[in-house]
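Chains as they are written, first to last, in our numbering: chain W, 22 to 342; chain Y, 22 to 373; chain C, 23 to 297.
Glycine is no exception: its CB is placed at the ideal position from the N, C-alpha and C atoms.
Working notes, structure below.
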Amino acid sequence: METASQGRVQQHGIVGMSPGAYARVLIFFLAPAVLVYTLFSVYPLLDTIISSFYSKQNDGSYVYNGVANFVTLLTDPTWSAPFWNAFINNIKFFLIHMLVQNPIGLLLAALLSLPVLRFRTAYRTLIFMPTMLSVVIIGFTWQLILSPLWGIAKMFLQAFGLGFLFGPWLGEESTALITISLISVWQFVGIPMILIYTALLAIPDELIDAATVDGLNQFQAFFHVKLPLIWPTIGLVSVLTFVNNFNAFDLIYAMKGALAGPNFSADIMGTLFYRVFFGNQLQLGDVSMGATIATMMFLIILCGVMIYLFLIQRRLQRYAF
Amino acid sequence: MADVKIGNLHKSYGTVEVLKDINLQVEDGAFVVLVGPSGCGKSTLLRSIAGLEPITSGAISIGGRNVSDLAPAQREIAMVFQSYALYPHMNVENNMAFGLKFAGVPKAEIADRVNEAARILQLEPLLKRRPRELSGGQRQRVAIGRAIVRHPKVFLFDEPLSNLDAALRINTRVEIARLHKLLKATIVYVTHDQVEAMTLADKIVVMNKGRVEQVGKPLELYYRPANLFVARFIGSPAMNTLAATLDGKGKAAAVAGVSLPLPAAVSGTGEITIGFRPEHCSIGKTGIPARVELVERLGETGYVHARTADGAALLVEVKGDPGLAQGAEVRVAPAAGHLHLFDGEGVRLAGT
Amino acid sequence: MRKPVSAFAVHAVLALYTALALFPIILVIMNSFKAKRAIFNTPLTPPMPWNFDPIGYSKVFGDSAIATYYMNSITVTVGTIFLTLLFGAMAAWALTEYKFRWNTALAIFLSIGIMVPIRLGSVSIIQLVSDLNLINTLTALILVYVAQNLPLAVFILSEFIQQIPRDLREAGRCDGLSEYNIFFYIILPLLRPAMATVAVFTMIPVWNDLWFPLLLAPTGGKQTITLGVQQFLGQYITDWNAVLAALSTAIIPVLVLYVIFSRQLIRGLTSGAVK
Ligand SMILES: Nc1ncnc2c1ncn2[C@@H]1O[C@H](COP(=O)(O)OP(=O)(O)OP(=O)(O)O)[C@@H](O)[C@H]1O
Ligand SMILES: [Mg+2]
């Protein structure tokens with residue numbers, strides 16, 4: 022029998038389709054997603070980074086000036102003071118989430134994953150509810166609750182004999198950021214809770230049984246068996262928290278406006294970016310400096326993600342199942 | 022119906038060659054079964070015939086037409102998958118009609134063909150059900166029905182019964198044999214199961230590591246395996262094989278210290294391998310000395326596991342209770358006319 | 023001490039936290055139906071016939087724009103979900119099913135967007151949107167949100183497509199379906215559960231977003247409900263009835279949807295997270 026097509030060159034895995042038709046199939050399926058994503062996500066991001074290396078001249082044109090914008094941002098006191106203020110505040114914002122939100126999420130997840138628990142679904146569903154709502158709504162709701170005018174918070178503190186603790190927390194420089202951070206924690210605790218809860222469910226019961234047979238009580242079993250197994254998830258939760266926190270804007274804008282007052286005490290990267298880019302009562306909008314701040318945010322987030330990917334995740338994976 | 026010819030077929034994944042120079046003829050209306058150990062390339066060969074896998078070189082023709090570069094749908098084949106591959110979101114009727122709709126077959130004819138297949142396979146009461154509402158055996162029949170309605174020239178089956186339980190497997194096997202007679206179809210069928218292969222096949226193709234080891238009628242492979250691989254692969258339990266030395270006159274072979282007479286004169290001298298099946302030997306006064314290691318009693322038959330002095334394992338099938346204990350010294354004699362001889366390369370000696 | 027954690031303590035902690043999670047929401051909804059005096063004097067009593075007063079709602083809905091804002095939000099959310107699912111599933115299919123030279127590179131390229139927030143490109147997005155003459159249009163919002171949600175959608179849908187047995191696609195090829203038909207008639211219907219998950223993931227942040235409506239469609243009746251409520255709240259800051267009613271108007275539909283879909287949502291979150 023003749024071997025009609027010795028040594029055929031096969032470019033793709035679909036028999037009976039010409040290379041042209043194959044290319045058309047690929048283009049048909051990939052082009053819409055790639056186009057929209059490139060045009061509205063990748064291109065703007067790159068363009069923003071590029072813009073951060075240009076500055077506006079008096080005649081309105083843009084001229085390349087290297088890293089001058091970054092130097093200005095980090096050294097010129099009119100820029101560096103707000104930048105470092107926002108940066109430090111953002112770190113505080115992040116630390117409060119790490120120290121309050123994630124431990125509470127872990128605790129709730131641990132309780133929810135206990136073997137015999139009634140109303141499990143109800144608890145889970147209800148605790149997750151605030152996460153569903155718009156930050157604008159949450160911000161305003163808490164503003165009302167904390168408002169001395171309505172006095173709900175005061176009433177509660179008084180009920181416990183702690184009335185003296187009450188103060189205009191949102192209005193004072195020393196407490197505004199902490200208060201807003203805690204409100205954010207209140208809203209988003211559902212996310213670490215669900216992620217950790219899922220990871221806990223995935224741990225086979227036999228492991229816990231084995232630990233029980235070895236004589237560990239429930240607390241010991243949790244800390245010595247379950248916790249080590251969910252470190253990767255906690256790592257993931259941490260990096261998600263980091264990215265979201267350094268990208269946050271809505272809550273502070275909704276509660277405090279673009280000025281993130283009093284006296285910028287609640288200013289974070291997101292609000293600083295918005296204010297610089299759009300301008301406000303105090304200054305005109307500045308595209309180049311806005312882009313510079315966005316690029317700094319990009320770099321910060323990138324650092325966080327890289328640290329996670331290359332240091333934390335690698336080390337943790339080894340202990341996973 | 023049509024015949025299938027495969028010439029010098031090669032298939033590689035990257036640098037790994039999984040099919041090596043396959044040449045095969047499937048006559049019109051024949052039932053050909055591909056067997057071989059896991060990973061030997063049976064599915065790959067079947068999928069190459071179907072056009073689901075591009076081949077690296079060689080040619081495949083169906084009914085005299087070279088189909089090597091045609092899409093599966095243009096090859097006039099139908100495939101029945103091991104997992105059945107029924108569309109979960111369509112009922113039985115639509116599963117069978119689906120391909121025909123896209124082929125532009127008129128509505129009335131689609132209905133006729135579906136009804137005919139449903140009748141043949143006794144699927145009529147199930148036509149409106151979804152696959153998940155069917156038992157394994159019923160799904161299997163729908164998968165076959167979906168192949169039948171296409172009126173293909175060749176049916177391709179990839180281990181169609183391996184997901185069924187033992188009882189159902191026997192029923193469906195009989196069913197497939199009946200269908201083959203009824204449809205007078207050309208069938209290429211992959212299986213792991215020896216019984217399926219022996220009972221269904223007109224012709225068995227034994228494959229190993231991407232090569233065809235032997236092609237032949239079922240009993241041919243059983244009685245005259247072309248090489249050691251086929252000898253060991255076909256038949257269950259597997260054939261006993263022992264190293265032996267030809268005596269130079271070609272009359273006898275030295276095995277484990279005794280001389281065993283050969284049925285016919287064999288030319289040549291040197292090291293060979295002899296083989297005989299557990300059902301073709303007996304325990305008696307003469308033969309190969311061995312020590313009993315284990316006796317299995319199944320009632321009707323018994324199996325004696327023994328070992329020669331140089332460590333070769335032997336298995337003997339005995340009618341009834343063997344009546345032997347572990348550690349007993351016995352002699353195993355192959356039945357006359359059932360001794361297989363293979364040369365140093367494992368190829369059957371000429372003239373035996 | 024071998025005694026298991028007391029069930030009472032567990033329920034106490036969970037119930038307490040649940041109360042904390044729900045209290046502000048209930049408080050707002052409850053008081054939105056009450057007269058102003060009752061809001062301040064007895065904030066913790068539920069609405070009763072003697073303190074009932076829907077004045078806040080008549081103000082909110084009297085501001086006829088609210089209905090428009092709702093429509094805008096619905097349009098944007100539905101449009102985003104539709105395009106994200108369609109484009110995402112198509113790309114996920116091509117990336118998992120077909121071999122081509124740039125396959126891996128393209129998959130990595132698309133997954134960058136999972137970690138890098140699109141907001142950081144806002145400066146250029148505004149420029150781009152105004153170059154395209156799309157300022158103050160819902161189209162601009164939809165396109166940006168689709169770009170924002172595609173990476174995760176492709177990622178999740180790819181995982182699901184990989185789970186669809188290869189035999190099923192090949193049965194389609196044997197049946198003579200074109201690659202397009204295999205996707206639209208076999209793969210897409212089977213992806214429904216996965217698409218529900220992606221839809222939920224997409225819906226919440228889009229519906230709740232304040233940033234892009236503020237940047238891209240802040241005026242001209244193209245505000246989304248989130249932005250509309252924010253602007254309304256700013257205007258009526260001292261009118262508590264109106265404020266509470268506006269908040270409730272924004273909360274209630276989301277809660278209703280959440281209660282309906284919570285099973286799906288939590289399952290989606292859990293399955294998406296297992297990975
Ligand atoms: N897509 C692929 N890429 C690389 N190698 C493959 C691919 N598909 C199959 N192989 C390899 O080709 C060889 C033959 O596989 P094939 O599925 O044909 O075996 P088989 O005889 O059907 O085995 P089984 O009896 O287990 O089904 C195997 O070694 C397998 O690992
Ligand atoms: Mg196989």
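Can you list, in chain order, every residue whose CB sits closer than 5 Å to a heavy atom of ligand 1?
-> Tyr34(Y), Val39(Y), Ser59(Y), Gly60(Y), Cys61(Y), Gly62(Y), Lys63(Y), Ser64(Y), Thr65(Y)
Is DSSP giving Cys61(Y) helix, strand or coil here?
-> As a first step, residue 61(Y) must be located in the second sequence, where it is residue number 40. Coil.
What alpha helix (DSSP H) runs, 4 residues minimum, are completely inside the region 183–252 of chain C?
-> 188–196, 214–230, 233–238
Using the Cα positions of Pro40(W) and Ala99(Y), report the straight-line distance between them to the nearest angstrom.
-> Within the first sequence, residue 40(W) is the residue found at index 19, counting from 1. Within the second sequence, residue 99(Y) is the residue found at index 78, counting from 1. So the alpha carbons of these two residues sit roughly 25 Å apart.
Spell out whether any CB of chain Y is found under 8 Å from the CB atom of Val46(W).
-> Here residue 46(W) corresponds to residue number 25 of the first sequence, with the count starting at 1. False, the Cβ-Cβ gap to chain Y never drops below 8 Å.
Can at least three beta-carbon pairs, one atom from the region 305–319 of chain W and one from the region 89–108 of chain W, be found at a separation below 8 Å?
-> yes
Label Cys324(W) either buried or exposed according to how many other C-beta atoms from any shown protein chain fall within 10 Å of its C-beta, with 16 as the threshold for buried.
-> For this step, residue 324(W) is matched to residue 303 along the first sequence. Flag for Cys324(W) reads exposed.
Starting from Asn229(Y), follow its DSSP beta bridges and name the residues at the other end.
-> On the second sequence, position 208 is the one that residue 229(Y) refers to. Paired residues: Arg232(Y).
Check whether Asp197(C) and Gly120(Y) have beta carbons under 8 Å apart = What you label residue 197(C) is simply residue 175 of the third sequence in a count that begins at 1. What you label residue 120(Y) is simply residue 99 of the second sequence in a count that begins at 1. Going by C-beta atoms, Asp197(C) is nearer than 8 Å to Gly120(Y).
Assign Gly231(Y) to buried or exposed, taking buried as 16 or more other Cβ atoms, counted over all protein chains shown, within 10 Å of its Cβ.
-> Sequence index remark: in the second sequence, residue 231(Y) carries index 210 (1-based). Buried, by the Cβ-count rule.
In terms of alpha-carbon separation, which member of Leu165(W), Asn111(W), Val234(W) lies closest to Val246(W)?
-> The residue you call residue 246(W) lines up with position 225 of the first sequence. Answer by Cα proximity: Val234(W).
So which residues on chain W does Gly72(Y) lean against when the C-beta distance must stay under 7 Å?
-> The count along the second sequence starts at 1 and reaches residue 72(Y) at position 51. Near Gly72(Y) (Cβ distances below 7 Å), the residues of chain W are Val36, Gly37.
Tell me where the beta strand (DSSP E) around Asp230(W) begins and ends.
-> Position 209 of the first sequence, counted from the first residue, corresponds to residue 230(W). Per DSSP, Asp230(W) belongs to no beta strand (DSSP E); it is in the alpha helix (DSSP H), 226–234.
From which residue to which residue does the beta strand (DSSP E) around Thr294(Y) run?
-> Looking up residue 294(Y) in the second sequence gives position 273. Counting along the chain, the beta strand (DSSP E) containing Thr294(Y) begins and ends at 291–297.
Could you give the DSSP three-state label for Ala333(Y): helix, strand or coil?
-> Position 312 of the second sequence, counted from the first residue, corresponds to residue 333(Y). It is coil, neither helix nor strand.
From Arg312(Y) to Ala330(Y), what does the alpha carbon distance come to, in whole angstroms?
-> Counting from 1 along the second sequence, the entry for residue 312(Y) is found at position 291. Counting from 1 along the second sequence, the entry for residue 330(Y) is found at position 309. Distance between the alpha carbons of Arg312(Y) and Ala330(Y) is about 8 Å.
Okay, do the region 191–210 of chain Y and the region 27–40 of chain Y touch, 3+ Cβ pairs below 8 Å being the bar?
-> no
Same chain, Cβ closer than 8 Å to Leu94(W), neighbours up to 5 away in sequence not counted | Along the first sequence, one-based indexing puts residue 94(W) at 73. Closer than 8 Å at the Cβ level, and outside the excluded window around Leu94(W), lie Trp100, Ser101, Phe104, Met310, Thr313, Ile314, Met317.
Contact between the region 263–274 of chain Y and the region 312–324 of chain Y: three or more CB pairs below 8 Å?
-> no
Taking only beta-carbon atoms, is Ala188(Y) less than 8 Å away from chain C?
-> In the second sequence, residue 188(Y) corresponds to position 167, counting from 1. Chain C contact via Cβ: absent.
With Ala206(Y) as the anchor, note down where its alpha helix (DSSP H) starts and where it stops.
-> Counting from one through the second sequence, the residue named residue 206(Y) turns up at place 185. It is not in any alpha helix (DSSP H) - Ala206(Y) carries neither H nor E in the DSSP assignment.
For chain A, is any of its Cβ atoms less than 8 Å away from the one on Ile226(C)?
-> Protein chains in the displayed structure are W, Y and C, and chain A is not among them.
Jot down the residue ranges of each uninterrupted alpha helix (DSSP H) in the region 232–271 of chain Y, minimum 4 residues, whole runs only, in chain order.
-> 239–244, 249–254
What residues in the region 118–131 of chain Y have a beta carbon less than 7 Å from any beta carbon of chain C?
-> Phe119, Gly120, Phe123, Ala124
Is Asp179(Y) near ligand 2, with its Cβ less than 7 Å from a heavy atom?
-> Mapped onto the second sequence, residue 179(Y) falls at position 158. Yes, the beta carbon of Asp179(Y) sits closer than 7 Å to at least one heavy atom of ligand 2.
Can you give me the start and stop residues for the alpha helix (DSSP H) that Ala129(Y) sits inside?
-> Here the question's residue 129(Y) lines up with position 108 in the second sequence. Unbroken alpha helix (DSSP H) run through Ala129(Y): 128–141.
Can you list, in chain order, the residues of the region 191–217 of chain C whose Cβ is nearer than 9 Å to any Cβ on chain W?
-> Arg195, Ser200, Glu201, Tyr202, Phe205
beta-carbon Val260(W) near ligand 2 non-hydrogen atom, thresh 7 Å = As a first step, residue 260(W) is located in the first sequence; it is residue number 239 there, counting from the start. It does not: the Cβ of Val260(W) is nowhere closer than 7 Å to a heavy atom of ligand 2.
For Asn29(Y), three-class secondary structure by DSSP = On the second sequence, position 8 is the one that residue 29(Y) refers to. Looking at Asn29(Y) - three-state DSSP - the assignment turns out to be strand.
Rounded C-alpha distance that separates Ala139(Y) from Glu145(Y) | Locating residue 139(Y) in the second sequence gives position 118, where the first residue counts as 1. Locating residue 145(Y) in the second sequence gives position 124, where the first residue counts as 1. Going by the C-alpha atoms only, they are around 5 Å apart.
Could you pull the start and end residues of the alpha helix (DSSP H) that His302(C) belongs to?
-> It is not possible to answer for residue 302(C), since the shown part of chain C is limited to 23 through 297.
Within the 8 Å Cβ cut-off, does Ala92(Y) reach chain W?
-> Numbered from 1 along the second sequence, position 71 holds the residue referred to as residue 92(Y). Yes, Ala92(Y) lies at the interface with chain W (some Cβ there is under 8 Å from its Cβ).
Find the residues of chain W that neighbour Pro173(Y), judging by a C-beta separation of less than 8 Å, and give them in chain order.
-> Here residue 173(Y) corresponds to residue number 152 of the second sequence, with the count starting at 1. Those do not exist, as Pro173(Y) stays about 16 Å from chain W at its closest Cβ, beyond 8 Å.
From this set, Thr106(C), Ala29(C), Met70(C), which residue's C-alpha is nearest Leu354(W)'s C-alpha?
-> Residue 354(W) is absent from the structure shown; chain W starts at 22 and stops at 342.
Nearest candidate by alpha-carbon position, reference Val63(W), set Phe83(C), Gly143(C), Val98(C) | Position 42 of the first sequence, counted from the first residue, corresponds to residue 63(W). Measuring from the Cα of Val63(W), the nearest candidate turns out to be Gly143(C).
Just reading off the beta strand (DSSP E) that Phe176(Y) is part of, what are its end residues?
-> In the second sequence, residue 176(Y) corresponds to position 155, counting from 1. 175–179 is the extent of the beta strand (DSSP E) around Phe176(Y).
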